[in-house]
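Shown next, in C-alpha cells, is the structure this report addresses.
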Amino acid sequence: MKIAKIIATSAATRSHREKTVLTGSPPRYTSHSQNYTSVERIKTLIELNISSENKSNPGREVDLILVNNSIGNQKFDNYIKELNGKKISNGKIYTLTNQNIGWSFGAYNSGFLKFRDRYDYFIFTEDDTIISGDNYALDAVNEFKNNNNCGFVSYIGITKSAFNEKSSGTIHAHGGVGLTSSKILNMIVDEFGSLPYSTSDSYEEVIMEGEVKFTNYIYQMGFKLIDISEHKYFNYAYDMERNINQKIKPNLLQLLVYFFKKYVKQILFKLVNKSQYLSKVYKNFKRT
C-alpha cells in the first residue's frame with residue numbers, strides 16, 4: 033500500500049487573518065487564520081510541513097509531493113526544486129512546478145496526474161493546513177476501507193453549503209483536505225478529463241469549480257464523504273505556530289453568537305440601500 037500527500041503551495045502572498053472563524057453548514061472552525069504575507073514566511077510553511085511530518089508516525093510510509101504553483105519567483109521555485117528527493121522519516125519528498133492556474137485545486141490535479149501510477153492513496157492539503165499526528169494516514173485508510181462505499185475521508189469535516197447556497201451540488205469536504213484512492217480519482221479524470229479546478233482567478237469560481245466540485249463529484253457518483261475531524265489530525269499553520277489548538281466544533285454559546293450575527297447581518301443587508309448611514313453600519317458590522 034503506497035500513500036502520497038499532495039501539498040499545494042505557491043510564493044503568492046496571502047491575506048492576513050488573525051483568528052480562525054466559523055463557516056459552513058453546520059458551522060465549523062474552518063475559515064482559518066493565516067499570516068503569510070512574504071515569501072520568507074511562506075518558506076516557513078514548507079519547513080513546518082516537513083518538520084511536522086518528521087515528528088509524526090503516520091502508520092504507513094507517506095511520500096510528500098510539493099506542487100508549486102509558480103508565480104515566477106525564481107528563488108522560491110529553486111528552493112522547492114532543491115527539496116526534490118530529500119528523505120524524511122517515513123518516505124521522500126518529490127516536487128513539481130506547476131502553472132499558477134486554479135490555485136490549490138490546479139495543483140492537486142497536476143500532482144495527481146503526474147504521480148497517479150505510483151500510489152494507491154492520495155492525501156490532499158494546502159501548505160497552511162498541516163496534516164500530522166500518529167497514524168493519521170493509517171487511520172484514514174482504515175476509515176476508507178471499513179466504511180461501505182466510501183469515496184473520500186475528510187480530515188476537517190463536511191459542509192452542505194457554499195456562499196450561502198445549500199443543495200446536493202454544494203455538499204463537499206472543507207478545503208478538499210482528506211484522503212481518497214487512486215481508483216476514485218481516476219474515475220473523475222476518466223469522466224471529466226481532470227480533477228476539477230477553475231481557470232479563472234475569481235475567488236468564487238475557484239471555490240465553486242475547485243474546492244466544491246472536487247469532492248462533490250465523488251458524492252454525486254454515489255460515494256460517501258466520511259468526516260474524521262473529531263480525531264483532530266490537522267491544525268492550521270498559523271494557529272500551530274502560536275500554540276493554539278483550535279477546536280473544530282463550536283460550543284453552544286459560540287453557535288448562538290454566530291447565528292445571531294448572521295441573521296442580524298441579513299436584516300441589515302436588506303436595509304442598506306435605503307440609507308447611507310445604515311450602509312456604513314452594515315459594512316462596519318460585517319468586518320466584526
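Okay, so the sequence shown: first residue is 33 according to the working numbering, each after it adds one. The C-beta atom is built at its ideal place from N, Cα and C for all residues, glycine as well.
Excluding the five sequence neighbours on either side, which residues of its own chain have a C-beta within less than 8 Å of the C-beta of residue i, listed in chain order?
i    : result
V94  : I35, A36, K37, E85, N122, G123, I155, A169
I250 : G183, F184, T212, I216, I220, L257
M33  : R92, D152, Y153, V173
I280 : R60, Y61, T62, I188, G189, S261, E262, K264
P282 : L54, P59, R60, Y61, Y290
Give me the Cα-Cα distance between residue i and residue j, rounded to the nearest whole angstrom.
i    : j    : result
H48  : Y270 : 10 Å
F224 : L285 : 44 Å
I327 : N110 : Missing from the structure shown is residue 327; the chain here goes from 33 to 320 and no further.
F176 : K293 : 37 Å
A172 : I260 : 8 Å
N141 : H263 : 27 Å
R363 : I125 : Residue 363 lies beyond the range of the chain shown here (33 to 320); nothing can be said about it.
S164 : Y153 : 16 Å
L287 : P59  : 8 Å
N67  : N81  : 16 Å
N174 : G254 : 20 Å
K113 : I78  : 12 Å
I299 : K198 : 19 Å
N180 : L115 : 38 Å
N132 : E241 : 15 Å
S226 : N218 : 9 Å
Can you give me the Cβ contacts of residue i inside the same chain, cut-off strictly under 7 Å, excluding the 5 residues immediately before and after it?
i   : result
A43 : V71, I74, I103, N105, F108
S65 : R49, E50, K51, T52, Y268, Y270, D271
G56 : T62, T191, S193, H206
T76 : none
Leaving out five residues before and five after residue i in sequence, what residues of the same chain have Cβ atoms less than 6 Å from its Cβ?
i    : result
K87  : none
I120 : E85, N86
When burial is assigned at 16 or more other CB atoms within 10 Å of the CB, is residue i buried or exposed?
i    : result
F137 : buried
Y295 : exposed
C101 : According to the sequence shown, residue 101 is Asn rather than Cys. With 16 or more Cβ atoms within 10 Å of its Cβ, N101 is classed as buried.
E243 : buried
S200 : exposed
S232 : exposed
G210 : buried
G117 : exposed
N130 : buried
I276 : exposed
F266 : buried
I39  : buried
K245 : buried
T41  : buried
T202 : buried
Using beta-carbon positions only, say whether residue i and residue j come within less than 8 Å of one another.
i    : j    : result
S214 : R274 : no
F184 : T247 : yes
L145 : T127 : no
S230 : G143 : no
N89  : N167 : yes
Does the beta carbon of residue i come closer than 8 Å to any beta carbon on chain C?
i    : result
E175 : Judged by its chain identifiers, the structure shown contains no chain C, having just a single protein chain.
- Query: Three or more beta-carbon pairs under 8 Å between the segment 147-166 and the segment 232-239, yes or no?
  - Reply: A contact between stretches requires three or more CB pairs, one per stretch, nearer than 8 Å, and the segment 147-166 fails this requirement with the segment 232-239.
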